[in-house]
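Residue numbers (my numbering), protein chains in the order written: chain A, 1 to 422; chain B, 1 to 422. Backbone N, C-alpha and C fix where the C-beta goes; we use that ideal spot for every residue, glycine too. Right, one structure below, let's go through it.
See below:
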């Protein structure tokens, strides 16, 4: 962590120096170079390959905790591009593109996993420039964009000062709870050796994620005696406590700013239509850009559950047994943010400006949560110019060439500026 | 159905005849016979075998729609007792013990299926005379009691006038929706050839089921646009409509007499903790001894669902799509009853009296629903003297010898009186 402390010091020193124009200068110098122009041209000529890669990756299912088939395929795609990928203990794919100087590496990552369970039809449908499939954007487009960046750097024979570690992470979604990126930063060979972090995730041409939405997730399991639906009618039913928990949760008013949200997401339980269930469960997600608001929301939720249980125990007979509720934490993602004046952000802003665009900073829950919570400069940048309905079966992206190649140039510029070029 | 009509006529004729004492006389005559005494003694000496059979049957899983392994084993147990069992198109096990006269048969049945899903631990635990396991009573004890009755008839060399068709039925529980007994009465080789029907199901030494509880069952599927739990927060969530449906259902007041019940029993849906679900579903059971009360309850329930949907569509944004609900009927069991003066009931009452007990008539939802709805004399009689918690993981029965052999004598007497003995 020594290395990280010295990075933090250097950021602090920047404050005192008249270096405000430096990131824009770096970007101008990079964009003007022949090497960059060749690399950028490769993004343009490689557009069809990028679309093919998105389709190929999307069509390899990668349900939570079952990313290995896609991981192997992704490693192979990196190998075909001259890198020497490996798969770490968590299942992340790592491939280093060496730098000219020793020292911390810059990570460029996208996540391998989707939210969709095994058996989901992941066939990509195409209508004009629109691709439709579960996971097509989130984050198959991120992985394909990462590959396009490797291709472009190779085409431009770009030599960066810091090495660039390309990573396909596991466990970004849902119950994965960021286990891939946690492994990267807190265990394994690159622990303490990462100077900056990019995640390619999310869509649009006007935003980046520089703040980490914190989240708290629980599986609530309601138990009761259960029994025959006719013979035991009148006894407490854990389903009613679950129902009250959902309806009460959805009465909570949360601030729009700092954005704070909740979701009653997954549910299950019961054995047979003619049996009062003995056990039902509910998965709940709570998030906020503010650690305080998240704590406030969590507190309200944690009060709702016992209230719902008590109400059901009061409403019906408990002679066969009472309702109880167990709370299992299934996700805890730290909040955090990257300093608004950090080089990585100013490089990104300058890169957007060099393409005639302005970019807003936002907060979200992404792989960047982990480096942000550790004080390591990190941002999550867009991986598609236009798309929507991530996490829904009707997810789509628009692969139109002009805006997407523009976005890829912005990514290339930002990454090269952060890693430094000779 | 001609045969059934003539049976109905003969029941009607009984009304006009001074035959009130006849059932008691029949029972006294049977109980006094040497053949019966030998048969009854076999119930006593066969007690240990009965307990062994309960354990063996219980430990063969028979989840809904997956009764075939238990069916084959049960057929083998009947074959060992000198019968020639077959398995019909629905999966029922049928074994005829021939009568001395042609004409309709008397069915003695128990059901093969349990409510418990695949993977449930069905190992029987024993503490003294108490056996504990999912399905140990319902209806493993019924199947074992059926076998004990075959053994006792064989031991007493009992010859009945009507043939006795021993049946292990499939599909009595839950979504099985009585498909086994429906097959028996409405298709297959015994259609129109059954004069009376016994189901061995339920527990206790004081009741029989002479009325059929009607039931209506639905799977309600709530759909919505779904989306990212953080990015799409504010849109409608089908889980909330489900929650409101459950809590509103449980506000309905139903009469204790005629007994009317409901249960929100099984639930599922959602894809990931960080996704607003696109689909969740709920299985609901409604029952009543009164067709009118059942219709009233169903009407209320069918009004709750669209109200819950409308409330959610009003409470949150529908820009990405609205909540809708689909209702799939998954069970429809007819109500009905056996005439309180039918011979089958009066034989059962006399059989209880011959053991110094009185028996009350009740209503329930059992395999007897089908013959009762068709006007064929049918009752469901107890298969265990004491037990509880059917349909729950902690189901138990007490296999104490004295009360259970007494119950088995009552069953034997009632069945022999109904089938007639030479």
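| Query | Result |
| --- | --- |
| Between the C-alpha atoms of residue 203 of chain B and residue 387 of chain B, what's the straight-line distance to the nearest angstrom? | 6 Å |
| From the DSSP secondary-structure annotation, give me the bridge partner or partners of residue 152 of chain A. | Note: residue 152 of chain A sits in no beta bridge, so no partner. |
| Using the Cα positions of residue 145 of chain A and residue 229 of chain A, report the straight-line distance between them to the nearest angstrom. | 54 Å |
| Unbroken alpha helix (DSSP H) runs of length 4 or more, entirely within the stretch 47 to 84 of chain A: which are they? | 47 to 58 and 68 to 79 |
| Give a yes or no on whether 8 Å exceeds the smallest Cβ distance from residue 438 of chain B to chain A. | As displayed, chain B neither begins before 1 nor continues past 422, which places residue 438 of chain B out of reach and without an answer. |
| What are the start and end residues of the beta strand (DSSP E) that includes residue 223 of chain B? | 214 to 223 |
| Taking 8 Å as the threshold (beta carbon to beta carbon), is residue 275 of chain A in contact with chain B? | yes |
| Please check the pair residue 265 of chain B and residue 283 of chain B, which I expect to be a contact at CB under 8 Å, by giving their CB distance rounded to whole angstroms. | 5 Å |
| Taking just the CA atoms, how far does residue 299 of chain A sit from residue 252 of chain A? | 11 Å |
| Using a C-beta to C-beta distance shorter than 8 Å, which residues of chain A count as neighbours of residue 330 of chain B? | 273 |
| Residues of chain B with CB closer than 9 Å to the CB of residue 283 of chain A, please, in chain order. | 270, 272 and 273 |
| Please classify residue 262 of chain A: does DSSP put it in a helix, a strand, or coil? | strand |
| Taking 8 Å as the CB-CB cut-off, is residue 280 of chain A touching chain B? | yes |
| Below 8 Å on C-beta distance, what does residue 175 of chain A contact in chain B? | 272 and 273 |
| Determine the DSSP secondary structure at residue 166 of chain A, reduced to helix, strand or coil. | strand |
| So which of A:118, A:195 and A:178 has the shortest CA-CA distance to residue 274 of chain B? | A:178 |
| Could you name the residues of chain A that residue 239 of chain B contacts, counting a contact when the two beta carbons are closer than 7 Å? | 246, 264 and 267 |
| Can you say whether residue 18 of chain B is buried or exposed, counting buried as having 16 or more other CB atoms within 10 angstroms of its CB? | A caution first: residue 18 of chain B carries a pLDDT of 33, below 50, which makes its placement in the model unreliable, though a value can still be read off. Residue 18 of chain B should be labelled exposed. |
| Would you please verify whether the beta carbon of residue 387 of chain A is less than 8 Å from any beta carbon of chain B? | no |
| With a cut-off of 8 Å, does the C-beta of residue 20 of chain A fall near any C-beta of chain B? | Note that residue 20 of chain A has pLDDT 39, beneath the 50 cutoff, so the model's placement of it is unreliable and the number below is only indicative. For residue 20 of chain A, the answer is no, since every Cβ of chain B falls outside 8 Å of its Cβ. |
| Which same chain residues, not among the five before or five after residue 377 of chain B, have their C-beta less than 6 Å away from its C-beta? | 196, 338, 342 and 344 |
| Hey, does residue 119 of chain B have any beta-carbon neighbour from chain A nearer than 8 Å? | no |
| Can you pull the DSSP bridge partners for residue 199 of chain B? | B:109 and B:380 |
| Sorted by chain position, which residues of the same chain lie with C-beta nearer than 7 Å to residue 21 of chain A's C-beta, five sequence neighbours on each side aside? | With a pLDDT of 47 at residue 21 of chain A, under the threshold of 50, the modelled position of this residue cannot be trusted, and the question is left open. |
| Report the partner residues of residue 235 of chain A according to the DSSP bridge assignment. | A:317 |
| Pop quiz: residue 280 of chain A and residue 267 of chain B are said to be a contact at Cβ under 8 Å. What is the actual Cβ separation, rounded to whole angstroms? | 6 Å |
| In terms of residues, what are the limits of the beta strand (DSSP E) holding residue 126 of chain B? | 125 to 127 |
| Can you give me the Cβ contacts of residue 100 of chain B inside the same chain, cut-off strictly under 8 Å, excluding the 5 residues immediately before and after it? | 159, 160, 161 and 422 |
| For residue 180 of chain A, name the three-state secondary structure that DSSP assigns. | helix |
| When DSSP labels each residue in this structure, what does residue 305 of chain B get in the three-state scheme? | helix |
| Which term fits residue 408 of chain A, buried or exposed, when burial requires 16 or more other beta carbons within 10 angstroms of its beta carbon? | buried |
| Residue 363 of chain A lies in the beta strand (DSSP E); which residues open and close that run? | 360 to 364 |
| Using a Cβ-Cβ cut-off of 8 Å, state whether residue 204 of chain A counts as contacting chain B. | no |
| Which residues in the same chain have their Cβ closer than 7 Å to the Cβ of residue 125 of chain B, if we skip the five residues on either side of it in sequence? | 132 and 133 |
| Using Cβ-Cβ distances below 7 Å, what residues of the stretch 378 to 408 of chain A are close to chain B? | 389, 390, 391, 392 and 393 |
| Please work out which residues of its chain come closer than 8 Å, Cβ to Cβ, to residue 118 of chain B, disregarding the five sequence neighbours upstream and downstream, and give them in chain order. | 61, 63 and 66 |
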